[in-house]
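The listed protein sequences correspond, in order, to chains F and Z. Each residue of the first sequence is one higher than the last, beginning at 1 in the working numbering. Each residue of the second sequence is one higher than the last, beginning at 1 in the working numbering. Notes follow once the structure below has been shown.
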Amino acid sequence: MMIIRFTDKSRRCVQAAWEEARMLGHDSVGDEDLLLGILRAEEGLAAEALSSLGVTLERARDESEEMFSNALSSIGISLEEIRQEAGDAFEMRIPPGRRLPLSPRAKKVLVRARKEMRRLGDNHLGTEHVLLGILHNEDGTAVRLLAGMDVSPEALEDRLYKLRSRRAAG
Amino acid sequence: MDENTRTQIGRPQDPRDGLEAVVALRRLLEALEAAQVENAFIAGWSWAQIAEALGVSKQAVHKKHARRIKDKYPGDPPRRKGT
């Protein structure tokens, strides 16, 4: 088990990731849920960097839904039709009784985040380290989700470092 | 759904797309199962009947769905025939 010392803000972001995953019907907490968690909790440098590039929770959720819908239509299934036909009882949400594990990709993100934390000489894992971990995972769903909103990992990283140095200076 | 989509049915171009379609399908399946079990329950089916139709044990279906449905319909089930 990996021991991570989170900041209060990043802990709330990770908790929010669980809520997002549950709401969206994910059977594990993925790297995209970590991203959505940052947006949902609206905390820390990561959220600031994201919102400065126009990434909002609303847009990110829409993009996630779009990717889901596209994956289904690639095998000939229309999510829209199913929604209409299944009626009121149809919802994606995972019921409270079921535990959601962290996905392997999300674990990789946190391992990477901890490396970033060390590299930057910090001793607590902040939201910016989590976001750097997310961005480093080029094959990840989160990076593709951001690409769908025309946000590149490079631009975000750049923004993150700028905000960081501004905070250090101020 | 356009023609381009139709030609790809069952065989997405890229392995990753194919695998992701499976993940999406699993998510959809879970949501559909939950909805159908709820509908059957409201229609007055017993857990035993629901389980039989799904091809799983009564315990399995109860464990997976009972709490959610009871939370949603506290007290007496809205439309329970028979018992």
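Idealized CB from N, CA, C, for every residue including glycine.
In terms of Cβ geometry, Glu48(F) and Leu163(F) form a close pair [threshold 8 Å].
Contact between Arg105(F) and Gly140(F) holds: their C-beta atoms lie close to 6 Å from each other, under 8 Å.
For Glu33(Z), no CB of chain F lies under 8 Å from its own CB, so it is not counted at the interface with that chain. A distance below 7 Å between beta-carbons, with the five flanking residues on each side excluded, links Met23(F) to the following residues of its chain, in chain order: Arg93. For Ala43(Z), there is no enclosing alpha helix (DSSP H), as DSSP gives it neither H nor E.
Scanning chain F for C-beta atoms nearer than 9 Å to the C-beta of Ala24(Z) yields Met67, Phe68, Ser69, Asn70, Ala71, Leu72, Ser74, Ile75, Ile77 and Leu79, reported in chain order. Membership of Pro104(F) in the alpha helix (DSSP H) is indicated by the continuous run Pro104 to Arg119.
The Cβ atoms of His129(F) and Glu116(F) lie closer than 8 Å to each other. In its chain, beyond the 5 residues on either side, Ile69 have a beta carbon closer than 6 Å to the beta carbon of Glu38(Z).
Taking 9 Å as the cut-off between beta carbons, the residues of the segment 125-142 of chain F near chain Z are Asp139 and Thr141, in sequence order.
For a cut-off of 8 Å, the C-beta gap from Phe90(F) to Arg99(F) is around 23 Å, too long to register as a contact. The three-state secondary structure of Phe6(F), taken from DSSP, is strand.
Note that the segment 50-58 of chain F does not touch the segment 24-33 of chain F; fewer than 3 beta-carbon pairs, one per stretch, sit closer than 8 Å.
By alpha-carbon distance to Pro101(F), the top candidate from Met67(F), Arg159(F), Arg11(F) and Ala17(F) is Ala17(F).
Per DSSP, reduced to three states, the secondary structure at Leu39(F) is helical. Excluding five sequence positions before and after Lys9(F), the CB atoms of its chain that fall closer than 6 Å to its own CB belong to Glu43, Gly44 and Thr127, given in chain order. Taking the C-beta atoms as reference points, Ala34(Z) is found no nearer than 8 Å to Leu72(F).
Contact check for Ala142(F) and Asp31(F): beta-carbon distance about 4 Å, within the 8 Å limit, so the pair qualifies. It is roughly 30 Å from the alpha-carbon of Glu20(F) to the alpha-carbon of Arg166(F).
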